[in-house]
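Here is the structure we will look at.
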Amino acid sequence: MRGTFVARPPRRNRWAWVLLGAGLALACVLAAGGFVARQAAGATPPLAGARLSAPDLRIVVSASASCPALTPARLAGQVMAASGFGIRPVTGMRAGGRTGVAALTPAQWQQNKPWPDADPADREAGITALAHLTCQEIGKVRAARTAGDPWRLALAAQHVDGDYVETVERYAAWYALQPVLERRAVPPVPAIAVPEQDVAAVVTAGSVCPDLSPARIAAQIMATSGFDAAKVGATGEQGIAQFLPQVWAANAGEQDSPWTPSVAIPVLGRTMCKLMQDAGGQYGPALAAFTGGTGAMAAALLDDVTTAEKEYAKDKRLSAPASPAPVETETLRPIAPAPATTAPATTAPATTGPVTTSPGQQDQQAGGTQGDQPAVKDVDGGPGGDFGPYHVRNLTTRDCIAVPGNGTRDGPVIQIGCSNADDWTFEPRGTDGDGYELYWIRNAQDHFCVDPPGAGKVASSTSLNETGCSDKDNQFFRLEPQVAVAGTQYYWLRDAAADMCVDVPGAGTGGAGARLALVPCKSGDDHEWALLEKAQW
1107 MRGTFVARPP RRNRWAWVLL GAGLALACVL AAGGFVARQA AGATPPLAGA RLSAPDLRIV
1167 VSASASCPAL TPARLAGQVM AASGFGIRPV TGMRAGGRTG VAALTPAQWQ QNKPWPDADP
1227 ADREAGITAL AHLTCQEIGK VRAARTAGDP WRLALAAQHV DGDYVETVER YAAWYALQPV
1287 LERRAVPPVP AIAVPEQDVA AVVTAGSVCP DLSPARIAAQ IMATSGFDAA KVGATGEQGI
1347 AQFLPQVWAA NAGEQDSPWT PSVAIPVLGR TMCKLMQDAG GQYGPALAAF TGGTGAMAAA
1407 LLDDVTTAEK EYAKDKRLSA PASPAPVETE TLRPIAPAPA TTAPATTAPA TTGPVTTSPG
1467 QQDQQAGGTQ GDQPAVKDVD GGPGGDFGPY HVRNLTTRDC IAVPGNGTRD GPVIQIGCSN
1527 ADDWTFEPRG TDGDGYELYW IRNAQDHFCV DPPGAGKVAS STSLNETGCS DKDNQFFRLE
1587 PQVAVAGTQY YWLRDAAADM CVDVPGAGTG GAGARLALVP CKSGDDHEWA LLEKAQW
């Protein structure tokens, strides 16, 4: 079948194996050397592979940046030979328990999986693990100072059949001819002015934070889309701002469209400011995070933007307002440093909701009273600094708020068993019009904040993410005491912008791994959460 590699059973006594260096097999050199000799005699023709979907293209381009010797075309050739970009290995690649799109053995998977709880059936995890394995073998070849192409030698180290190396090389040669896998060409200096209909949106986007000017917004748009509102990028980027679908979903409202410039450009400003804040105010890393680019490709794009920004800075139409627009609905005030003494515990005001003790419920806590709790209202004494870290436990499901694995920007916020859950800090940001203290809920491990998509109101049942913390967003939550159980206070966690509460989908039926969402606050559901210090575990 065209486009499918079927491995032959290895021939006995084909080569004698001798260990080379730190475990590198001499057979790798012989196999690759034979392949190089065949190439010298006459290059084999490219072998057509499968056309890549937009998600697979993004994964391959991103994973291939693991080391300089691994290009997108080469990695695509390896995956094609392994599985034909299917969900399981081709027939000749199933020996040794190989599974998934990358046809990795159990040992190869365990040594190269990209994150602790990665699933070998996950395409991104599998292709990334294959890239890591290949780059490790390339490193061994370089350390042994072996002559020849390190990538070809690395292939031979993974598979002793010389036909495999040749097949991968032929697929790689074909993928190298595909424009979407070519190394990015540098676009020209901006040849067009900002279209008149986009000027207002560019100025708005460039006024969100001090380090992102309208000229820089215009330059980024020029370098990525050329102000083409209908552009579809090589890895699925959409519209004038070239949002990746997952980045758009995490930062825009449910009804918004990346194909509408007047909507997409302001969302670009908010998103880039969030990324810059997480990158310590640096634009380069924020741009790389936005585009998913790494290495030379990211550096080239940054150069393009820098060059274009100088040109757009001359456009007087792009003058930004003197200061960013004020945050609406909240009055922010400076946060005082934490005092040396313990911050006061909070007693819930009677006006914030019913506070009762349910005699039929037993709270399984290991240690005494609940301890230090954030202030509910400014009249309670106000914040003296950050509170926590806490495990945040649901009264109904008994699970705690967490993120999968080590957490990622724009990744989901879920609930899991509390013994494996994350710690969270409550960081005061000011007060709202009702006098409630407003808090970021920040992950103590990855330092991202709980975040609804977009920057304002969202629809009911909108799923929660975590992302870089920002005061120009919808990340402010207030605590509303609801019920006390065996000395433990449970709260509603109400998002101030959406006016909705953190919820586990279902009426107390959500299990471990359920993704949390915002819904209108109500009693008798699973909206009550306790903030438990480590001493209680």
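Heads up: the sequence shown begins at 1107 in my numbering, then just goes up one per residue. The beta-carbon is built from N, C-alpha and C at its ideal position, and this holds for glycine as well.
Residue from the options whose Cα sits closest to the Cα of residue i
i: residue 1270; options: 1328, 1535, 1153 and 1405; result: 1153
i: residue 1544; options: 1245, 1196 and 1601; result: 1601
i: residue 1054; options: 1339, 1336, 1539 and 1302; result: Here the chain covers residues 1107 to 1643 and nothing more, so residue 1054 does not appear.
i: residue 1509; options: 1529, 1496 and 1625; result: 1529
i: residue 1287; options: 1236, 1179 and 1173; result: 1179
i: residue 1236; options: 1212, 1253, 1568 and 1387; result: 1212
i: residue 1210; options: 1627, 1222 and 1189; result: 1189
i: residue 1618; options: 1370, 1504 and 1493; result: 1504
i: residue 1405; options: 1392, 1632 and 1567; result: 1392
i: residue 1632; options: 1159, 1174, 1641 and 1620; result: 1620
i: residue 1332; options: 1282, 1410, 1624 and 1534; result: 1410
i: residue 1524; options: 1506, 1366 and 1223; result: 1506
i: residue 1315; options: 1587, 1573 and 1381; result: 1381
i: residue 1326; options: 1419, 1227, 1574 and 1577; result: 1419
Residue i CB to nearest heavy atom of the ligand FMN below 7 Å
i: residue 1345; result: Only the bare structure without any ligand can be found here, which leaves the ligand FMN out of the picture.
Unbroken alpha helix (DSSP H) run spanning residue i, endpoints
i: residue 1199; result: Taken as a continuous stretch (DSSP letters only), residue 1199 belongs to no alpha helix (DSSP H), as it is neither H nor E.
i: residue 1521; result: That residue, residue 1521, is in no alpha helix (DSSP H); its beta strand (DSSP E) goes 1520-1522.
i: residue 1330; result: 1320-1330
i: residue 1233; result: 1229-1249
i: residue 1383; result: 1367-1384
i: residue 1396; result: 1389-1397
i: residue 1214; result: 1212-1218
i: residue 1354; result: 1351-1357
i: residue 1185; result: 1178-1189
DSSP-derived helix/strand/coil call for residue i
i: residue 1162; result: helix
i: residue 1497; result: strand
i: residue 1564; result: coil
i: residue 1512; result: coil
i: residue 1458; result: Reliability fails at residue 1458, whose pLDDT of 38 lies under 50, so the model's placement of it is uncertain and the value that follows must be treated cautiously. Note: residue 1458 maps to helix in three-state DSSP.
i: residue 1309; result: helix
i: residue 1571; result: strand
i: residue 1634; result: coil
i: residue 1517; result: strand
i: residue 1546; result: strand
i: residue 1503; result: coil
i: residue 1628; result: coil
i: residue 1577; result: coil
i: residue 1207; result: coil
i: residue 1420; result: coil
i: residue 1623; result: strand
Buried/exposed call for residue i, threshold 16 Cβ in 10 Å
i: residue 1368; result: exposed
i: residue 1256; result: buried
i: residue 1422; result: exposed
i: residue 1251; result: exposed
i: residue 1233; result: buried
i: residue 1604; result: buried
i: residue 1134; result: The predicted model places residue 1134 with a pLDDT of 40, which falls under 50 and marks its position as unreliable; any figure quoted below should be read in that light. By the neighbour-count rule (16 or more Cβ atoms within 10 Å), residue 1134 is buried.
i: residue 1383; result: buried
i: residue 1483; result: buried
i: residue 1446; result: At residue 1446 the pLDDT is 35, less than 50, meaning the model places this residue with poor confidence; the figure from the coordinates comes in the next sentence. Residue 1446 is exposed by the Cβ-count criterion.
Unbroken beta strand (DSSP E) run spanning residue i, endpoints
i: residue 1506; result: 1506-1508
i: residue 1261; result: Element bounds for residue 1261: not the beta strand (DSSP E) but the alpha helix (DSSP H), 1256-1264.
i: residue 1286; result: That residue, residue 1286, is in no beta strand (DSSP E); it is neither H nor E in DSSP.
i: residue 1584; result: 1583-1591
i: residue 1532; result: 1530-1538
i: residue 1594; result: 1594-1601
i: residue 1608; result: 1606-1609
i: residue 1555; result: 1555-1557
- Okay, do the region 1588-1597 and the region 1547-1558 touch, 3+ Cβ pairs below 8 Å being the bar? no
- Three or more C-beta pairs below 8 Å linking the region 1533-1548 and the region 1341-1353: no
- Item | At least 3 beta-carbon pairs within less than 8 Å: the region 1365-1384 vs the region 1310-1321 | yes
- Query: On the three-pair Cβ rule with 8 Å, is the region 1189-1206 touching the region 1409-1429?
  - Reply: no
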